[in-house]
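Undergrad:
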Amino acid sequence: MSYLETTHDVYKEAALTPDVGLCCTTNPIWELPGLKIPKIMQEMNYGCGTTVHARDLTNNPKMLYVGVGGGMELLQFSYFNRQKNGVIGIDVVDEMLEASRKNFIEAEAQNPWFKSEFVDLKKGDAMHLPVEDNSIDVAAQNCLFNIFKANDLKKAIAEMYRVLKPHGKLVMSDPTCEQPMNEALRNDERLRALCLSGSLPIAEYVKALTDAGFGTIEIRARKPYRILDPKNYPTEELIYIESIEVAAIKDPMPEDGPCVFTGKAAIYYGEDDYFDDKKGHVLLKNQPLAICDKTAGALADLGRNDIYISKSTYHYDGGGCC
Numbered sequence: 096m097s098y099l100e101t102t103h104d105v106y107k108e109a110a111l112t113p114d115v116g117l118c119c120t121t122n123p124i125w126e127l128p129g130l131k132i133p134k135i136m137q138e139m140n141y142g143c144g145t146t147v148h149a150r151d152l153t154n155n156p157k158m159l160y161v162g163v164g165g166g167m168e169l170l171q172f173s174y175f176n177r178q179k180n181g182v183i184g185i186d187v188v189d190e191m192l193e194a195s196r197k198n199f200i201e202a203e204a205q206n207p208w209f210k211s212e213f214v215d216l217k218k219g220d221a222m223h224l225p226v227e228d229n230s231i232d233v234a235a236q237n238c239l240f241n242i243f244k245a246n247d248l249k250k251a252i253a254e255m256y257r258v259l260k261p262h263g264k265l266v267m268s269d270p271t272c273e274q275p276m277n278e279a280l281r282n283d284e285r286l287r288a289l290c291l292s293g294s295l296p297i298a299e300y301v302k303a304l305t306d307a308g309f310g311t312i313e314i315r316a317r318k319p320y321r322i323l324d325p326k327n328y329p330t331e332e333l334i335y336i337e338s339i340e341v342a343a344i345k346d347p348m349p350e351d352g353p354c355v356f357t358g359k360a361a362i363y364y365g366e367d368d369y370f371d372d373k374k375g376h377v378l379l380k381n382q383p384l385a386i387c388d389k390t391a392g393a394l395a396d397l398g399r400n401d402i403y404i405s406k407s408t409y410h411y412d413g414g415g416c417c
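Under my numbering, the first residue of the sequence shown carries the number 96, and numbering increases by one thereafter.
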């Protein structure tokens, strides 16, 4: 049995019998005016963070969510686009699609504004999306890409890139780890299906996105997720896994490489009112400016003693240099 077949079976079981402990979300449930999340959706929230960010969802964006789970994030996305088929939900597991349809009926009962027709549920897989090219404003996945092996991950990211409009966003939440997994963990199909043994170091995760053509990467959050220990897993050392929230934007690739924001800032504290590097970055005196890692390196290379570059916070919420 392949790891994809194992994954299919794991989530078929989770659709038929909700498993609260299957995955652990690290975010509170969204609380917005008039939005109520049915209990069953919370029990089937098989993610590791959130992909729902209000700043991405202005002006009724066309949205795509891959790996529907119990439908919770689809309901949250619909809150921002209350139009028929405004949100597309895709899953390869028939039972999960059917569970979401049933959960939407409960959501309609608790949310007078919501209609099931807001969500267009389709069967399909992440490597062959049944969606037209350049048709989506915001695409999202939560704890899905982490299960894929290298070649399949490349295909899945390329598919998301294909369906996004120019400047569209791919918003993701996945587990990552600092050290590479050992062979026993990597080859454990059930652990991979549970979003544990496929975790990549952040640098590799980002590279997979920029290799696909995404010109801007935002690392928005980095949070504790799980520990793999020798008593319970095939490893000789403790492995710390984090949940990372990332937005990859379909911007043109700059000639000098992608803009990757990891939460760095530059602060100018010289004698003048501001510093202008003549490359589009103006630092007002003692006013922090969010900068991408590329710009941080360029400013540091100037060798000035009146510009401070902060370390990566791995938290970025927009604005800044690029």
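For every residue, glycine included, the Cβ atom is placed at its ideal position computed from N, Cα and C. Here the structure is a predicted model, which is why all the values come from computation and not from measurement.
Could you have a look at K359 and say whether DSSP puts it in helix, strand or coil?
TA: By one-based count along the sequence shown, residue 359 stands at place 264. Three-state result, K359: strand.
Undergrad: Can you pull the DSSP bridge partners for M158?
TA: Your numbering for residue 158 matches position 63 in the sequence shown. For M158, which the question treats as bridged, DSSP gives the partners V182 and V233.
Undergrad: With three or more beta-carbon pairs closer than 8 Å as the criterion, would you say the stretch 249–260 touches the stretch 281–300?
TA: Touching, no.
Undergrad: From S407 to R177, what does the alpha carbon distance come to, in whole angstroms?
TA: Counted from its first residue, the sequence shown places residue 407 at position 312. Counted from its first residue, the sequence shown places residue 177 at position 82. The alpha-carbon atoms of S407 and R177 are separated by roughly 37 Å.
Undergrad: For D396 and K380, what's the separation of their Cα atoms in angstroms?
TA: Residue 396 sits at position 301 when you count from the first residue of the sequence shown. Residue 380 sits at position 285 when you count from the first residue of the sequence shown. Roughly 19 Å between the two C-alpha positions.
Undergrad: Run through DSSP, which three-state label would A307 get?
TA: Here the question's residue 307 lines up with position 212 in the sequence shown. Note: A307 maps to coil in three-state DSSP.
Undergrad: Taking the C-alpha atoms as reference points, what is the distance between P128 and E212?
TA: Stepping through the sequence shown from its first residue, residue 128 is reached at position 33. Stepping through the sequence shown from its first residue, residue 212 is reached at position 117. Each residue's Cα considered, the two are about 21 Å apart.
Undergrad: Starting from F172 and walking both ways along the alpha helix (DSSP H), at which residues does that stretch end?
TA: As a position in the sequence shown, residue 172 is number 77, starting the count at 1. Looking at the DSSP string, the run of the alpha helix (DSSP H) that includes F172 is M167 to Y174.
Undergrad: Would you call the CB atoms of K218 and L259 closer than 8 Å?
TA: The residue labelled residue 218 in the question sits at position 123 within the sequence shown. The residue labelled residue 259 in the question sits at position 164 within the sequence shown. Against a cut-off of 8 Å, the Cβ pair of L259 and K218 comes out as no contact.
Undergrad: Is D324 buried or exposed, if buried means 16 or more other CB atoms sit within 10 Å of its CB?
TA: As a first step, residue 324 is located in the sequence shown; it is residue number 229 there, counting from the start. D324 sits exposed, since fewer than 16 C-beta atoms from the chains shown fall within 10 Å of its C-beta.
Undergrad: According to DSSP, simplified to helix, strand and coil, what is L99?
TA: Locating residue 99 in the sequence shown gives position 4, counting from the first residue. Helix, per DSSP.
Undergrad: Quick check: the Cα distance between A288 and T101, rounded to an integer number of angstroms?
TA: As a first step, residue 288 must be located in the sequence shown, where it is residue number 193. As a first step, residue 101 must be located in the sequence shown, where it is residue number 6. Near 7 Å, if we compare the C-alpha coordinates of T101 and A288.
Undergrad: Could you tell me the alpha carbon to alpha carbon distance between D388 and Y369, rounded to whole angstroms?
TA: By 1-based counting over the sequence shown, the position of residue 388 is 293. By 1-based counting over the sequence shown, the position of residue 369 is 274. If I take the Cα positions, the gap works out to 21 Å.
Undergrad: Please name the residue in N277, D351 and P296 whose C-alpha comes closest to that of E331.
TA: The count along the sequence shown starts at 1 and reaches residue 331 at position 236. Selected option, being the one with the closest Cα: N277.
Undergrad: For K345 versus H223, is the C-beta distance shorter than 8 Å?
TA: Locating residue 345 in the sequence shown gives position 250, where the first residue counts as 1. Locating residue 223 in the sequence shown gives position 128, where the first residue counts as 1. Contact flag unset, no.
Undergrad: Around the C-beta of D382, are 16 or more other C-beta atoms found within 10 angstroms, so that it is buried, or is it exposed?
TA: Position 287 of the sequence shown holds residue 382. Looking at the sequence provided, one finds Gln at residue 382 rather than Asp. Of the other Cβ atoms in all chains shown, fewer than 16 fall within 10 Å of the Cβ of Q382; this residue is therefore exposed.
Undergrad: Please report the residue range of the beta strand (DSSP E) in which A393 lies.
TA: Here residue 393 refers to the residue found at position 298 of the sequence shown. For A393, no beta strand (DSSP E) segment is defined; the enclosing uninterrupted segment is the alpha helix (DSSP H) at D388 to D396.
Undergrad: State buried or exposed for Y364, treating a residue as buried only when at least 16 other CB atoms are found within 10 Å of its CB.
TA: Here residue 364 refers to the residue found at position 269 when the sequence shown is read from its first residue. Its Cβ having fewer than 16 others within 10 Å, Y364 is exposed.
Undergrad: Just tell me which of Y256, I312, R321 and V182 has its CA closest to the CA of L286.
TA: Numbered from 1 along the sequence shown, position 191 holds the residue referred to as residue 286. It is R321 whose Cα lies nearest to the Cα of L286.
Undergrad: Please confirm if the stretch 346–355 is in contact with the stretch 294–310, defined as three or more CB-CB distances below 8 Å between the two stretches.
TA: With a cut-off of 8 Å, the stretch 294–310 and the stretch 346–355 count as touching, because enough Cβ pairs lie within range.
Undergrad: Mind checking who E313 pairs with in its DSSP beta bridge?
TA: Within the sequence shown, numbered from 1, the residue matching residue 313 stands at position 218. For E313, which the question treats as bridged, DSSP gives the partners A342 and F356.
Undergrad: Would you grab the beta carbon distance between C238 and I336 for me? Rounded to a whole angstrom, and I think it's under 8 Å.
TA: Along the sequence shown, one-based indexing puts residue 238 at 143. Along the sequence shown, one-based indexing puts residue 336 at 241. About 11 Å separates the two Cβ atoms, so there is no contact after all.
Undergrad: DSSP three-state call for I297: helix, strand or coil?
TA: Here residue 297 corresponds to residue number 202 of the sequence shown, with the count starting at 1. I297: helix per DSSP, three-state reduction.
Undergrad: Would you mind giving the Cβ-Cβ distance between Y403 and I362, rounded to the nearest angstrom? I have them listed as a contact below 8 Å.
TA: Within the sequence shown, numbered from 1, the residue matching residue 403 stands at position 308. Within the sequence shown, numbered from 1, the residue matching residue 362 stands at position 267. Their Cβ separation, rounded to whole angstroms, is 5 Å, which keeps Y403 and I362 in contact under 8 Å.
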